[in-house]
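A quick write-up on the structure given underneath.
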Amino acid sequence: MTNIKPSLLDFTLKELQEVVKPAFRAKQIYGWLYHQYVQDFDDMKNIPKTIKEELAQKYIVNPLKIVNKEVSTDGTIKYLLQMQDSKTMEAVWLKMKDTQFDENGEVVQEAKYTICVSTQVGCKVGCSFCLTAKGGFTRNLTVGEIVAQVVTLKRDNEHKHNRMINIVYMGMGEPLDNLDNLAKAIEIFKEDDGLCISAKRQTVSTSGLSNKIDQLGAMDLGVHIAISLHAVDDELRTELIPMNKAHNINSIIEAVKRFPIDTRKRVMFEYLVIKDKNDDLGSAKKLVKLLHGIKAKVNLIYFNPYPGTNYDRPSKEDMVSFADYLIKHGLLCTIRDSKGIDISAACGQLKEQSKL
Ligand code: SF4
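Counting along the sequence shown from 1, when you hit position 75 you're at 482 in this note's numbering, and nothing is skipped either side.
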C-alpha cells in the first residue's frame, strides 16, 4: 500500500515555521514551493540536506500528478490530476483574455487566466445535470490537494508566481461541504510570501447550502460568492438540485443578503439554461423579482449535453431574449462563452472518460 504523507502545501507559512527551524529556512522553502513550484526536495538548492532529509521522511512536496490533459482551441486546458491514494479529480486552466499588443508589437496587457479548482472527489449534492454527481461522493480534498491544483497548473503553464490569476472554486464537489479545508486553502493562496492571490480574486461557487453561506460569511475571508441558482421555482430547482429541499430558493436568497459583500462588487448568480425547462421569459421575469434588492450579476450558461442526459442545449435566440429581458430590467447579465466546447467541458466529464 502507498505510504500517504501530508504535503508541504498543507501549511500556512506560520505553521511551516513551527515545523522548520530556523524560521528563515521555512520562508526559503515557501519560496521554492510557491515561486519556483518545485516538485522535489532535491530541487530546493539552498536548503541544508539534513532539513530536507528530515522533511522528506514525513512529508511530500506536491501530492498531485498530471495523468491527462485536454487542450481546447480557445486556450482552455482541462487536467485530470491523481492523488496519492490513486483517486483522481479535475482542474481547469481558462484563458479569459488574450495578450494585448500595441502597434509596435509590445505587450500592453498580459493574457488573463482563471483556474477552476475542485474541492472534493465526487459530490454529495447530486445535481441531475452533473456527471460528477453520478459517481457519488468519495472524499474531501485535503488543504494541500486544493492548493496543489493552482501550483501544478501554474507550473505546467509556466505562469510566473507574481502574475495575476483568478481562482474559482467551481470544479468537482461542493466547496462549502469542505469548508474548513477550503478556508485554509484560501488563506494559503493569500500569503504574501506565497502566491499572494488576494481574496477578491477568489470566488467560491456554491450550489446553495444556505447555512454554510452564513458560516463562510462569518469567517470574513473577503472572498466573492457565486450561487448556482439555475431555477426560479423550488419544484424545478429540486428536480435539478435535490438538496434544494433542505435549502430552498428563499433560504439561499436570505443568506446571500446577510453575506458580507464588498460594496463595489456584485454577487454572481449562475443560471444554467436548459431548453424548455427554464429558458422562457416567464422564468426571466421571476428571476428579476427574486434578485430585487441584491447587487447581482447573472451569468447565463448554455447547458452542454453529454451522453445519457435528458436535457438539451437552449437555442441562441432564446438565450439572447432571456439575457435582453434581464438587462432591460436592470440586472447585469452575461452569457458565458462555452469555454472548451471542443473538449469535455462539463464538470466531471474528463474524469468519467478516464474510466472508459
Ligand atoms: S454541479 Fe457541482 S454541486 Fe452539483 S453535483 Fe455537480 S459537483 Fe456537486
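Backbone N, C-alpha and C fix where the C-beta goes; we use that ideal spot for every residue, glycine too. Source: prediction; values computed, not measured.
What's the gap between the Cα of residue i and the Cα of residue j?
i           : j           : result
residue 710 : residue 458 : 51 Å
residue 738 : residue 456 : 59 Å
residue 640 : residue 609 : 29 Å
residue 660 : residue 697 : 8 Å
residue 478 : residue 428 : 42 Å
residue 516 : residue 497 : 29 Å
residue 522 : residue 501 : 6 Å
residue 743 : residue 481 : 13 Å
residue 749 : residue 562 : The predicted model places residue 749 with a pLDDT of 46, which falls under 50 and marks its position as unreliable; any figure quoted below should be read in that light. So the two alpha carbons sit approximately 24 Å from each other.
residue 505 : residue 557 : 20 Å
residue 666 : residue 460 : 46 Å
residue 492 : residue 588 : 18 Å
residue 713 : residue 537 : 9 Å
residue 624 : residue 411 : 33 Å
residue 464 : residue 414 : 11 Å
residue 614 : residue 716 : 20 Å
residue 421 : residue 433 : 9 Å
residue 503 : residue 518 : 7 Å
residue 439 : residue 539 : 34 Å
residue 467 : residue 447 : 8 Å
residue 578 : residue 611 : 10 Å
residue 753 : residue 604 : Bear in mind that the predicted position of residue 753 carries a pLDDT of just 45, short of 50, making it unreliable; the figure below should be weighed with that in mind. Cα to Cα, residue 753 sits roughly 26 Å from residue 604.
residue 586 : residue 532 : 15 Å
residue 437 : residue 593 : 16 Å
residue 662 : residue 450 : 47 Å
residue 452 : residue 701 : 52 Å
residue 574 : residue 560 : 12 Å
residue 606 : residue 595 : 10 Å
residue 469 : residue 551 : 8 Å
residue 484 : residue 475 : 10 Å
residue 725 : residue 655 : 26 Å
residue 723 : residue 693 : 21 Å
residue 443 : residue 572 : 16 Å
residue 494 : residue 471 : 10 Å
residue 695 : residue 657 : 14 Å
residue 570 : residue 542 : 36 Å
residue 419 : residue 664 : 31 Å
residue 747 : residue 627 : Only weak support exists for where residue 747 lies, its pLDDT of 47 falling under 50; the value from the coordinates is given anyway. Going by the C-alpha atoms only, they are around 33 Å apart.
residue 564 : residue 730 : 34 Å
With the cut-off set at 8 Å, would you say residue i and residue j are in Cβ contact?
i           : j           : result
residue 534 : residue 580 : no
residue 647 : residue 638 : yes
residue 679 : residue 708 : yes
residue 553 : residue 524 : yes
residue 741 : residue 706 : yes
residue 676 : residue 643 : no
residue 520 : residue 566 : yes
residue 686 : residue 721 : yes
residue 703 : residue 674 : yes
residue 555 : residue 416 : yes
residue 684 : residue 718 : yes
residue 764 : residue 462 : What the structure shows of the chain is the stretch from 408 to 763, and residue 764 is not part of that stretch, so it cannot be assessed.
residue 526 : residue 576 : yes
residue 435 : residue 454 : yes
Just to confirm, does residue i get its C-beta within under 7 Å of one of the non-hydrogen atoms of ligand 1?
i           : result
residue 740 : no
residue 611 : no
residue 540 : yes
residue 496 : no
residue 680 : no
residue 537 : yes
residue 512 : no
residue 490 : no
residue 689 : no
residue 530 : yes
residue 722 : no
residue 551 : no
residue 534 : yes
residue 580 : yes
residue 614 : yes
Comparing the C-beta of residue i with each C-beta of chain C, is any distance below 8 Å?
i           : result
residue 562 : Within the model displayed, chain C is absent; a lone protein chain is all it includes.
As an exercise, report each continuous alpha helix (DSSP H) stretch of at least 4 residues that is fully enclosed by the segment 435-492, in chain order.
Note on the segment 435-492: whole alpha helix (DSSP H) runs with a minimum of 4 residues are 456-465, in chain order.
So does the segment 537-552 actually touch the segment 629-638, counting three or more Cβ pairs closer than 8 Å?
no
Just checking, does the segment 502-521 make contact with the segment 598-607 on the three C-beta pairs under 8 Å criterion?
no
How about the segment 614-621 and the segment 576-592: do they share at least three Cβ pairs that are nearer than 8 Å?
yes
At 3 residues or longer, and completely inside the segment 690-722: list those beta strand (DSSP E) runs for me, N to C.
703-709
Runs of beta strand (DSSP E) lying entirely within the segment 557-633, each at least 3 residues, in chain order
573-576, 609-613
Whole beta strand (DSSP E) runs in the segment 488-558 with 3 or more residues, listed along the chain?
Listed in chain order, the complete beta strand (DSSP E) runs (minimum 3 residues) inside the segment 488-558 are 495-504, 514-516, 519-524, 527-529, 544-547.
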